Ligand code: ADP
């Protein structure tokens, strides 16, 4: 910093528009206008020794409130000095800045001489325009005596305004100046401390205070503040040192105060900002960041929408409170935070659950309900009667705690569709909860939310799905729930079905009680035995036996065919399936207690017809002539035999649309050839039993499975061995024991039965026996195969064939007594399905025959047995010839 500068009498003048360069300040400017470029070029760039230039503030025309005279009164100074303004009207010829033609430049009469500290020259591409970047340091004040132009820029005759050394020394003695400079230094010191505290700058600025003369310091300080142009000008005009010091002190103090106030405000505002406000601010920032990143998933809006949904969910007050607490937690979380999603999903569930929403209950019309049941289901008279009774009780006493109806029967007998008819009769929504294979209590009651991937139980999930709090809820396959280490689902179901407890059903995931008392529960099961007794106790079992072929035919003609045609966008106009053909389908392609497979086969026929009708436009008109029916598409579809296993998929075309589109001359009639083509070769025939019992050692048993009654062949064979018994076919413990008993009994009676020449001869001498139950993939258990195993062993050892038209069932004691067994009705129906003509039953099962449809009974010969010999007597052609003088 130069102590004193020798100023030339003339300086090139660089105008500063609305800006002041104070001595001691350093600025960097970019010169682009032709006049300033010229000035820099000539006065600074081309000179070897860098000269000085004068910086003179000019005022914009707009800045002037009044346009003053050419030499107007300048900005007054405190010292009473006067400065003048020179008003120069520029014209095109001498316009230094190339601005508006008639622009009036208001020059300030005082400026600052400046030295270039650094110069750099640039050439703009592609215009080739030259620009300069100049770093200038303000040195000392001067006043303009006269302004003139040199080429395109101005020059001025000037005189220095700085004091000389003696003047300076004099002032420094002035007590007023001393006081002022002390005051200035103190204030400046204070400002430096505050700034250092804030910005943690080192003590460099403090050094300045001690080394630089105070009047220069005043300029340096003020130059660093952001003050108005007027204030800058007045500082420039403060030639008198005392005036300059007091002005600078004032400005430094003002700056100090403003920093303090700002700090106070920040502290205060920070203190006042509550946690949530802070979060809000942060979230706003986050949003802004996201927007910048183009990451616009609008969680805020989502949460607001969720809140609205929650408000309209009609939660009870205590649950609403709980939900709000959770919502507050969610709002505080960031979407990326762990737990955000689970909390959100939980709240969505709370909002979606039907707390209040219910199907409107209207007066139950029993007659309409009966009509509905009748129109939906063929037969099932007793079942329908029981359902009507149940509905009647509900009508008289809507809150009656009637038992839960439980339909028990093989698959496809209409359990589910009966339950859905109950729902429509009551005008309620229907929801099916599948319990098959549920082993974990959490499936019913949900997982606690502390588990990763926790979910509500199936009941709550079902209620969310159905959206009302009073649906008819079908607990499907309630017998298929098992219990293991993960808890007992049955105990949770007990709570569900107990009217005392289900008002406050506690789902672990939901964690707030839910009132299930308005739900009407109906259950289904294939078998009663596996249902835990306490659960069974809450239910009223209604058994649905399998259907006879005649019943199946009626069901097919009245219900299945119309439904299947409708689902495929067809009608009887397009496809005709006669009774005879349905009978064939029943006999040859199905062997089931229910009608599910029948329905699937009919659907396969309908699909084939649909293809035909849809293709008919491009091919030939429909006709009864089968070979004319063939079309490439039909052929390719039929090539796949697995077609029949497919589910019925509604085609979403209604009859109306279809008949509008396609006109058929006559319906497509299903005949045997078409059955063959569409369903493949017959799967079952009456010859099966005969073929299977063609060799000795095979007998026909009747068993009971989850699919209803079944015919079960039992095969026995002997080979060289050590007298062991081998059993195969996925057998349970009970059936294994029956096999042991059977073998023991046969061995004990070997001589009586003429299987061994003498009593002391061991039947198993040197050989093993192997008994196999075909269909080894199906687990089998129960005692009722006892008689069948004995028969097959006797057949094996005697090498006599068992009658192919006779099937049997019954438990045998070690002493050969025949005990009654269960599922007689289903077993007889199964025998009937297989085309069996004679059935051997335990005598004590006689009473069960009343349940068997008479049409079926009429087609069978029922043979009752008390002892094993009775069975053998009937099982072999010509009786049991070996029983002579029996000791039994
Ligand atoms: P389940 O629940 O017993 O396994 P579904 O109720 O699913 O059996 O019945 C299978 C199909 O058979 C359904 O389309 C049903 O309408 C039909 N069905 C069963 N029994 C009858 C019946 N008696 N009358 C009319 N349709 C029946």
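Residue numbers (the numbering used here): 937 to 1824.
Glycine included, C-beta positions come from ideal geometry on N, C-alpha and C.
The model shown is predicted, which means the values in this text are computed figures rather than measured ones.
Residue i CB to nearest heavy atom of the ligand ADP below 6 Å
i: residue 1348; result: yes
i: residue 1491; result: yes
i: residue 1531; result: yes
i: residue 1316; result: yes
i: residue 1351; result: yes
i: residue 1298; result: no
i: residue 1495; result: yes
i: residue 1313; result: yes
Backbone secondary structure at residue i - three-state DSSP
i: residue 1120; result: helix
i: residue 1812; result: strand
i: residue 1828; result: This structure does not reach residue 1828, given that the chain is present from 937 up to 1824, and the question cannot be answered.
i: residue 1045; result: coil
i: residue 944; result: coil
i: residue 1417; result: coil
i: residue 1360; result: helix
i: residue 971; result: helix
i: residue 1584; result: Low per-residue confidence applies at residue 1584: pLDDT is 30, beneath 50, and the placement is therefore not dependable, though the value from the model is reported in the following sentence. Reduced to three states, the DSSP call for residue 1584 is coil.
i: residue 1566; result: The predicted position of residue 1566 is uncertain, since its pLDDT is 37 and thus under 50; a value taken from the coordinates is nonetheless stated next. It is coil, neither helix nor strand.
i: residue 1711; result: coil
i: residue 1089; result: strand
i: residue 1495; result: helix
i: residue 1521; result: helix
i: residue 1133; result: helix
i: residue 1006; result: Confidence is the limiting factor: at residue 1006 the pLDDT is only 34, short of 50, which leaves the residue's position unreliable, though a coordinate-based value still follows. Residue state, collapsed to three classes: coil.
i: residue 1326; result: helix
i: residue 1513; result: coil
i: residue 1084; result: strand
i: residue 1734; result: helix
i: residue 1251; result: coil
i: residue 1079; result: strand
i: residue 1474; result: coil
i: residue 1801; result: strand
i: residue 1344; result: strand
i: residue 1057; result: strand
i: residue 1071; result: strand
i: residue 990; result: strand
i: residue 976; result: helix
i: residue 1749; result: coil
i: residue 984; result: coil
i: residue 1533; result: helix
Cβ distance (whole Å) where residue i is taken to contact residue j below 8 Å
i: residue 1746; j: residue 1777; result: 7 Å
i: residue 1375; j: residue 1425; result: 7 Å
i: residue 1752; j: residue 1804; result: 4 Å
i: residue 1279; j: residue 1309; result: Rounded, the Cβ-Cβ distance is 46 Å, inconsistent with contact.
i: residue 1077; j: residue 988; result: No, residue 1077 and residue 988 are not in contact; Cβ-Cβ is about 13 Å, not under 8 Å.
i: residue 1054; j: residue 993; result: Actually they do not touch by this definition, with Cβ atoms about 22 Å apart.
i: residue 1285; j: residue 1392; result: 6 Å
i: residue 1491; j: residue 1459; result: Wrong, their Cβ atoms sit about 23 Å apart, outside the cutoff.
Chain D within 7 Å of residue i, Cβ atoms only
i: residue 970; result: The structure shown contains no chain D, having only a single protein chain.
- Let me know the alpha helix (DSSP H) ranges lying completely inside the region 1256 to 1317, each 4 residues or longer, listed in chain order. 1276 to 1288 and 1302 to 1312
- Query: Do the region 1477 to 1484 and the region 1507 to 1517 make contact, defined as three or more Cβ pairs closer than 8 Å?
  - Reply: no
- Go through the region 1135 to 1207 residue by residue and report every complete run of the alpha helix (DSSP H) that reaches 4 residues or more, in order. 1140 to 1147, 1150 to 1159 and 1165 to 1173
- Query: Taking only runs of the beta strand (DSSP E) that begin and end inside the region 1617 to 1705, which ones reach a length of at least 3 residues, in chain order?
  - Reply: 1634 to 1641, 1644 to 1656 and 1661 to 1664
- Item | Cβ contact check for the region 1366 to 1381 and the region 1317 to 1335: 3 or more pairs under 8 Å | With a cut-off of 8 Å, the region 1317 to 1335 and the region 1366 to 1381 do not count as touching, because too few Cβ pairs lie within range.
- Inter-stretch contact at 8 Å, needing at least 3 Cβ pairs: the region 1657 to 1677 / the region 1712 to 1729: yes
- Query: Unbroken beta strand (DSSP E) runs of length 3 or more, entirely within the region 1365 to 1446: which are they?
  - Reply: 1366 to 1370 and 1408 to 1412
- Query: On the three-pair Cβ rule with 8 Å, is the region 1517 to 1536 touching the region 1642 to 1649?
  - Reply: yes
- Message: Count Cβ pairs between the region 1654 to 1664 and the region 1700 to 1713 that sit closer than 8 Å; are there 3 or more?
- Response: yes
- Given 8 Å, three or more beta-carbon pairs between the region 1126 to 1133 and the region 1186 to 1199: yes
- Task: Decide if the region 1349 to 1364 is in contact with the region 1292 to 1308; the criterion is three or more beta carbon pairs, one per stretch, under 8 Å apart.
- Result: yes
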